[in-house]
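> Residue numbering for the sequence shown is 160 to 374, as defined by my numbering. Virtual Cβ for every residue (Gly too), placed ideally from N, Cα, C. Quantities reported herein were computed from a predicted structural model and do not represent experimental measurements.
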Amino acid sequence: MARPQTHSDFKDQARRQWKAQVLKAAAQAFKKSGYHGTSMDDIAARLNITKGNLYYYFKNKEAILFDCHMACLDIAQGLIDELAAQDQTPAETLHAWITGYLERMLEDLVGSVILTAEEGLSARRLEQIVKRRDVFERSLRRVLAEGMSRGEFPEGDPRMLTFAILGSINWTSKWYDPEGEKRPPEIAAFFADWIVSGLLGKRAVQSPPPSGGRA
Numbered sequence: 160m161a162r163p164q165t166h167s168d169f170k171d172q173a174r175r176q177w178k179a180q181v182l183k184a185a186a187q188a189f190k191k192s193g194y195h196g197t198s199m200d201d202i203a204a205r206l207n208i209t210k211g212n213l214y215y216y217f218k219n220k221e222a223i224l225f226d227c228h229m230a231c232l233d234i235a236q237g238l239i240d241e242l243a244a245q246d247q248t249p250a251e252t253l254h255a256w257i258t259g260y261l262e263r264m265l266e267d268l269v270g271s272v273i274l275t276a277e278e279g280l281s282a283r284r285l286e287q288i289v290k291r292r293d294v295f296e297r298s299l300r301r302v303l304a305e306g307m308s309r310g311e312f313p314e315g316d317p318r319m320l321t322f323a324i325l326g327s328i329n330w331t332s333k334w335y336d337p338e339g340e341k342r343p344p345e346i347a348a349f350f351a352d353w354i355v356s357g358l359l360g361k362r363a364v365q366s367p368p369p370s371g372g373r374a
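1) By alpha-carbon positions, which one of Ser271, Phe189, Asp226 and Thr209 ends up nearest to lysine 178?
2) Using the Cβ count rule (16 or more neighbours within 10 Å means buried), how would you classify proline 337?
3) State the Cα-Cα distance for the pair threonine 258 and leucine 182, rounded to the nearest angstrom.
4) Pick out the complete alpha helix (DSSP H) segments inside the region 186-243, 4 residues or longer, and give them in chain order.
5) What three-state label does DSSP hand aspartate 293 in the structure shown?
6) Are the region 264-272 and the region 204-217 touching by the rule of at least three beta carbon pairs closer than 8 Å?
7) Compute the beta-carbon to beta-carbon distance between proline 343 and glutamate 241, rounded to the nearest angstrom, for a pair I have assumed lies under 8 Å.
8) Mind checking which residues open and close the alpha helix (DSSP H) that includes arginine 318?
9) Considering just the uninterrupted stretch of the alpha helix (DSSP H) at phenylalanine 312, what are its terminal residues?
10) Grouping DSSP H, G and I as helix and E and B as strand, with all else coil, what is alanine 374?
11) Relative to the alpha-carbon of phenylalanine 350, which residue among Gly310, Asn212, Ala255 and Glu314 has its alpha-carbon at the smallest distance?
12) Check whether the region 285-305 and the region 227-239 are in contact - that is, three or more C-beta pairs closer than 8 Å.
13) Just the Cα atoms here: how many angstroms apart are phenylalanine 312 and alanine 244?
14) Would you call glutamine 187 buried or exposed, if buried means 16 or more other Cβ atoms sit within 10 Å of its Cβ?
15) Would you mind giving the Cβ-Cβ distance between leucine 261 and threonine 331, rounded to the nearest angstrom? I have them listed as a contact below 8 Å.
16) Do you know how far the Cα of asparagine 212 is from the Cα of tryptophan 353?
17) In angstroms with no decimal places, state the Cα-to-Cα distance between glutamate 221 and serine 308.
18) So, with DSSP's three-state summary, where would you put phenylalanine 350?
19) What do you reckon, are the CB atoms on glycine 279 and tyrosine 216 nearer than 8 Å?
20) Once DSSP output is grouped into helix, strand and coil, what is the label at glutamate 338?
21) Would you tell me roughly how many angstroms separate the C-alpha atoms of glycine 372 and leucine 232, rounded to the nearest one?
Take a look at the structure:
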């Protein structure tokens, strides 16, 4: 039986939700003006709060950028871990991961920080991000390597394929327009189908037709 939530639990949940809002607002600002062209005032204005309130949660702009990177990697790693634990083929796992990850990144725009200049980060924080990123990339490479060993994917270099896949999907945040005609689910489904069916020569996994949304 699950224990009842305490006041502390609700405070932690509210803090996480607020932090997610800050990261989303910051990612939008970084996408529009670049990291160096964005100030703490700009981020606070998007949230309709004072800069002082923003500093209560984040020491500086670098701390926000760092947390954006880590949030993105947490989503990527959490999703692939969840899918790897399910009874799916490597092709199904890859397809589901691309769909889920890309849709989430475009909805929140947090993924756009992946292409943000890393010189805004201290050496210590950059090292933390690289270590976390390496862990995730190894997880994705294992999926690709297993697909190759099973004959689902053509033989190749899993490391290079990982870079190719991540490069193609992460770049979408550069051109994605929230006001454009293509919605995140449609874009995510297209890239999942294209990568799994085209790049890796696998045609057994495809997204269902979109059920609605703007054309």
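Short version:
1) Selected option, being the one with the closest Cα: Asp226.
2) Within a 10 Å sphere around the beta-carbon of proline 337 sit fewer than 16 other beta-carbons, which makes this residue exposed.
3) Annotation: threonine 258 to leucine 182 spans about 22 Å, alpha carbon to alpha carbon.
4) Segments of the alpha helix (DSSP H) lying fully in the region 186-243: 199-206, 210-216 and 220-243.
5) In this structure, DSSP gives aspartate 293 a helical state, which the three-state scheme calls helix.
6) The region 264-272 makes no contact with the region 204-217: fewer than 3 CB pairs, one atom from each, lie closer than 8 Å.
7) Between glutamate 241 and proline 343 the Cβ distance is about 19 Å, and since that is not below 8 Å, they are no contact.
8) Its alpha helix (DSSP H) spans residues 317-329.
9) Premise fails: phenylalanine 312 is in no alpha helix (DSSP H) and is neither H nor E.
10) Per-residue confidence for alanine 374 stands at a pLDDT of 37, beneath the threshold of 50, marking its modelled position as unreliable; the derived number appears in the next sentence. Reduced to three states, the DSSP call for alanine 374 is coil.
11) Out of Gly310, Asn212, Ala255 and Glu314, the CA that lies nearest to the CA of phenylalanine 350 is found in Ala255.
12) With the rule of 3 Cβ pairs closer than 8 Å, the region 285-305 counts as touching the region 227-239.
13) One alpha carbon belongs to phenylalanine 312, the other to alanine 244, and they sit about 20 Å apart.
14) Looking at its Cβ environment, which holds 16 or more other Cβ atoms inside 10 Å, glutamine 187 is buried.
15) Confirmed, about 7 Å.
16) Distance between the alpha carbons of tryptophan 353 and asparagine 212 is about 44 Å.
17) Between glutamate 221 and serine 308, the alpha-carbon positions lie close to 42 Å from each other.
18) In this structure, phenylalanine 350 counts as helix in the three-state DSSP scheme.
19) Against a cut-off of 8 Å, the Cβ pair of tyrosine 216 and glycine 279 comes out as no contact.
20) Coil.
21) A caution first: glycine 372 carries a pLDDT of 49, below 50, which makes its placement in the model unreliable, though a value can still be read off. Their backbone Cα atoms lie some 28 Å apart in a straight line.
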